[in-house]
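First residue of the sequence shown: 10, per my numbering; consecutive thereafter.
Every residue, glycine too, gets a C-beta built ideally from N, C-alpha and C.
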Amino acid sequence: MAALSPLLKQATGVLADHGEGAYLFDVDGRRYLDFTAGIGVTSTGHCHPKVVAAAQAQVAKLIHGQYTTVRHQPLLTLTERLGTVLPDNLDALFFVNSGSEAVEAALRLARQAT
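Structural data, given as structure tokens:
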């Protein structure tokens with residue numbers, strides 16, 4: 010039987026059932042202020058209606074479009090919007106979905122530039 014790694018000790022014994030805004034609810038209905046919700050994927054809180062609606066609409070159209078293979082409108086829209094607020098000398102964007110990808114890209118860029 011598979012188990013979670015003992016190398017990462019659980020900070021609490023809470024068994025989360027769902028989240029709403031800044032709160033988590035356990036399987037018994039107890040509410041907890043979620044101090045871990047600052048991680049990027051929950052920066053708007055749990056289950057924000059606008060975020061849920063936008064995610065549902067996008068997933069219904071396209072779950073994943075690898076931008077080195079195909080382009081899609083949300084990618085182009087984000088690129089345009091960022092272009093209006095970034096300094097003029099930042100003329101190219103490289104999108105990643107994790108810190109690991111960002112570090113790997115930075116290393117490759119540094120190797121290429123030196």
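Distance, residue 104 Cα to residue 72 Cα: A direct Cα-Cα distance of roughly 16 Å separates residue 72 from residue 104.
Assumed close pair residue 83, residue 65 - CB separation to whole angstroms, cut-off 8 Å: 14 Å between Cβ atoms; not a contact.
Opening and closing residue of the beta strand (DSSP E) in which residue 40 lies: 40-42 is the extent of the beta strand (DSSP E) around residue 40.
Per DSSP, the bridge partner or partners of residue 35: The partner list for residue 35 (beta bridge, DSSP) reads 25.
Nearest-angstrom Cα separation, counted from residue 32 out to residue 18: So the alpha carbons of these two residues sit roughly 22 Å apart.
Cross-strand partners of residue 73 (DSSP beta bridge): None; residue 73 has no bridge partner.
Three-state secondary structure (DSSP) of residue 30: Here residue 30 sits in strand by DSSP.
Distance between residue 11 and residue 80 (C-alpha atoms, nearest Å): Going by C-alpha positions, residue 80 is about 39 Å away from residue 11.
Length of the line joining the Cα atoms of residue 76 and residue 20: If you take the alpha carbons of residue 76 and residue 20, they lie about 37 Å apart.
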